[in-house]
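Undergrad: Using this note's numbering, the letters of the sequence shown correspond one by one to residues 83 to 364. Ideal Cβ placement from N, Cα and C applies to all residues, glycine included. Just dropping this structure here.
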Amino acid sequence: MIQVCRTQEELHKTRQAHGHVGFVPTMGNLHQGHISLLSQALSDFDIVYFSIFVNPKQFGPTEDFDKYPRTLQNDLDLIEAEVKKHTHKQVVVFAPQTPDEVYHGFSKTIKVTGITEILEGSIRPGHFDGVTTVVYRLFDLVKPTKAYFGLKDYQQWAVIKKMVQQEKLDIEIVGMPIKRSTEGLALSSRNQYLSDKQKQDALMIINTLNEIKKIIAGKKANLALAQDYIRTKLEDKNWDYLTMRDYLSLSEDLKSSQQITILAVYRMGTTRLLDNIQVEIQ
Ligand code: PAF
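What follows is the structure, encoded as structure tokens:
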């Protein structure tokens, strides 16, 4: 069963009737990546809250806020189809009519430092302040026990984990594996901006990440070789970045890291494609 709340007041009334809940925050335009988060949340909880809100605070002035696809009816159909697979479960969708339904009664900006200025943060100044502020606010409204995020937006996951620790929120942050097309392209709402040819060419991103993982072969001693390979790849100026980082701090210093994440952003025309893979090293 699904119930849709369009206002903060409706959400508040509905939430009062429920105990522990799981939470999946999204900006809508759902694909199987989002549905995998919902599926996990429905396995863990009888009641799952799911938000669909294109948050203006996380878009820069030249970014695609107005163009961002809003597909509420289709999103609700996908959610409904997933809930039907889980017996006796319920989803409450919070799809605020306006940003005011999220932000009224709340004027803080939640900032996390040290991890938000690098990578995406250096290319999209202020982006993570918008993300941490909306996620904090949604947590405040939904009061979940666990919240689910896709690891495609890897830095976002790391930033939210840090935010939860900084703000001492008693919420478990779950990072769910990237969903890919059968060929291997990481699913993203922004893939619809790509032509078939671009989608095919974009497979080079995951192939590059896998090649780096292969060079590392689980050994810290091979990181220098991997770095040389990355350097040659970066001659193609369409990479915004291609970099090996500690999996949690996102630091470039890997001396004491046992798990690293290789993060990539490649520009295909005007679309930025994010991907990453994780590698254990000894
Ligand atoms: O990943 C997203 O869709 C958004 O950044 C989030 C976490 C829902 C916050 O608006």
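Kindly indicate the opening and closing residues of the beta strand (DSSP E) around glutamate 162.
TA: On the sequence shown, position 80 is the one that residue 162 refers to. That residue, glutamate 162, is in no beta strand (DSSP E); its alpha helix (DSSP H) goes 154 to 166.
Undergrad: Which class does proline 226 belong to by DSSP, given the choice of helix, strand or coil?
TA: One-based indexing of the sequence shown puts residue 226 at position 144. Reduced to three states, the DSSP call for proline 226 is coil.
Undergrad: Of the choices Ala268, Tyr230, Tyr236, whose alpha-carbon is the least far from that of isoleucine 28?
TA: The question about residue 28 has no answer here: the residues shown for the chain are numbered 83 through 364.
Undergrad: Which of helix, strand or coil does DSSP assign to arginine 46?
TA: The question about residue 46 has no answer, for the chain in this structure spans 83 to 364.
Undergrad: So glutamine 85 and valine 174 are in contact, right, with Cβ under 8 angstroms, and what is the actual spacing, rounded?
TA: Your numbering for residue 85 matches position 3 in the sequence shown. Your numbering for residue 174 matches position 92 in the sequence shown. The pair is a contact, with the Cβ atoms about 5 angstroms apart (cut-off 8 angstroms).
Undergrad: Output the residues surrounding ligand 1, defined as those with a CB atom closer than 6 angstroms to any ligand heavy atom, in chain order.
TA: Pro107, Thr108, Met109, Asn137, Gln140, Val213, Val216, Val217, Asp235, Gln238
Undergrad: Could you pull out every unbroken alpha helix (DSSP H) segment of at least 4 residues lying fully inside the stretch 282 to 363, listed in chain order?
TA: 285 to 298, 305 to 315
Undergrad: Could you please give me the residues that DSSP links to serine 133 through a beta bridge?
TA: In the sequence shown, counting from the first residue as 1, residue 133 sits at position 51. Note: serine 133 sits in a beta bridge opposite Pro107, Phe176.
Undergrad: Within 8 angstroms, do at least three Cβ pairs link the stretch 139 to 153 to the stretch 106 to 118?
TA: yes
Undergrad: Just grab the DSSP bridge partners of arginine 262 for me.
TA: As a working note, residue 262 is residue 180 in the sequence shown. DSSP, once it has assigned bridges, lists Ala268 as partnering arginine 262.
Undergrad: For glutamate 145, which of helix, strand or coil comes out of DSSP?
TA: Locating residue 145 in the sequence shown gives position 63, where the first residue counts as 1. Coil at glutamate 145, not helix or strand.
Undergrad: From this set, Trp239, Gln282, Lys234, Gly351, which residue's C-alpha is nearest glutamine 114's C-alpha?
TA: Residue 114 sits at position 32 when you count from the first residue of the sequence shown. Per the Cα distances, Lys234.
Undergrad: Under 8 angstroms by Cβ, that's how I've got lysine 372 and glycine 203 pegged, so tell me the actual separation to the nearest angstrom.
TA: Residue coverage of the chain in this structure runs from 83 to 364, which leaves residue 372 outside it and unanswerable.
Undergrad: Please report the Cβ distance between leucine 269 and lysine 261, rounded to the nearest whole angstrom; I am assuming they are in contact, meaning their Cβ atoms lie under 8 angstroms.
TA: Locating residue 269 in the sequence shown gives position 187, counting from the first residue. Locating residue 261 in the sequence shown gives position 179, counting from the first residue. Right, the Cβ-Cβ distance comes to about 5 angstroms (below 8 angstroms), so this counts as a contact.
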